[in-house]
Amino acid sequence: MKQNIKNLLYTELEEYFVQKYRQKFRAKQVFKWLSLGVTSFAQMTDISKKMAEELSEDFFISDLKILRKETSKDKTVKFLYELSDGNTIESVLMQYKHGMSICISTQVGCNMGCTFCASTVGGKVRDLEAGEILDQVIFTAKAEGVRISNIVLMGIGEPLDNYDNVIRFLKNVNDEHGVNIGYRHISLSTCGLVDGIDRLAQENMPLTLSISLHAPNDGIRNKTMPVSKKYPYHELLGAVKRYLAKTGRRVSFEYTLIKDVNDRPEHARELCQHLKGMLCHVNLIPVNPARGTMAPSELKRIRQFQEMLLSGGLNATVRRTLGTDINAACGQLRRAEFQKSKEGETV
Ligand code: SF4
């Protein structure tokens, strides 16, 4: 079985070239070409025709087909990509003052079942391989002719539920011989898989860990995030504290405000008690219309909530929501939109 060459780490590619050709430097050439989005070995003009043919006997180069591209009023661009097996995923490119940022998917679907999220409808179909995660960065940059400077792993899927592929992707996207995006420009978001957080703390990757918290206690969290039944609040915060102690990196907490569910003053007070003294930042997010059941908090209530966190000693901001009009905002990405619409279902 041929494997996707983009699943190999740079060091593994070096090993391959040393063993087969005694030419370590070839890894540098090939890795660079892959990061530019070539789709065949014949396009690599600095390797011989013979070597290109031999490489294509051992490997294939994955590609992503754009099925649909939508541009929002705020210039956010959402891509619906088709993978080689016909499954679909979405990636979102956003413009910020500090540069282009991409939100990428790590799984086809998701098993975590958060009630405010469209990505989990239908569960998980499969994990994405490292090369398929990387392809979203490579082919989006190529399609738009831009340099991507920031990555958020916050699209479809739970990154820590696809741990090995995600770590492999992170190493490759960070590698100076390829796409070369610094860990400090990468955020990984998790719904709270405690084992994964503990493992990630040992990886020596100075990225930003972002916790989808969305509630001030287990009672409310249990209603919207089934993961909290396995990993309750105190276990999750315990893992975050261990992560902080090991990495010294500030952690971000995502808190989606849902009208009358988690946006009351007593909820803000409870949150302050839990997070006080922690090296963290709270991102307040007005809930996006995803599954039609939850109403966003009013702006006045959001500001009040923020004020209470600030006066409670926490660092808190309200996130600017991008791409809502094209369903590209948090919790709005779907894995199967294309297939469903082909079948004539309402999505
Ligand atoms: S919010 Fe994230 S973890 Fe939760 S269901 Fe959606 S994709 Fe999965």
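Here the numbering used here is used: the first residue of the sequence shown is 1, the next is one more, and so on. Idealized CB from N, CA, C, for every residue including glycine.
According to the DSSP assignment, Tyr231 belongs to no beta strand (DSSP E), since it is labelled neither H nor E. Considering only Lys24, Asn165, Val227 and Gly277, the residue with the shortest C-alpha distance to Leu193 is Val227.
Residue pairing by DSSP places Cys103 opposite Val92 and Val152 in a beta bridge. Going by beta carbons, Thr106 and Asn174 fall outside the 9 Å limit. Not one heavy atom of the ligand SF4 falls within 8 Å of the beta-carbon of Cys103. For Cys280, the beta-bridge partners assigned by DSSP are Val251.
Residue side-chain check: Gly196 keeps its Cβ at 8 Å or more from all non-hydrogen atoms of the ligand SF4.
Of the heavy atoms belonging to the ligand SF4, none sits nearer than 8 Å to the Cβ of Glu90. By the CB criterion at 9 Å, Glu144 and Met94 fall outside the cutoff.
In the three-state scheme derived from DSSP, where H, G and I count as helix and E and B as strand, Glu14 is classed as helix. Of all alpha-carbon atoms in Phe169, Asp198 and Ile302, the one lying nearest the alpha-carbon of Tyr10 is that of Phe169. In this structure, DSSP gives Ile186 an extended state, which the three-state scheme calls strand. Boundaries of the beta strand (DSSP E) harbouring Arg68: Lys65 to Thr71, taken from the DSSP string. Taking the Cβ atoms as the reference, Phe79 lies roughly 19 Å from Asn4, outside the contact range of under 8 Å.
The segment 266–285 makes contact with the segment 304–315: 3 or more CB pairs, one atom from each, lie closer than 8 Å.
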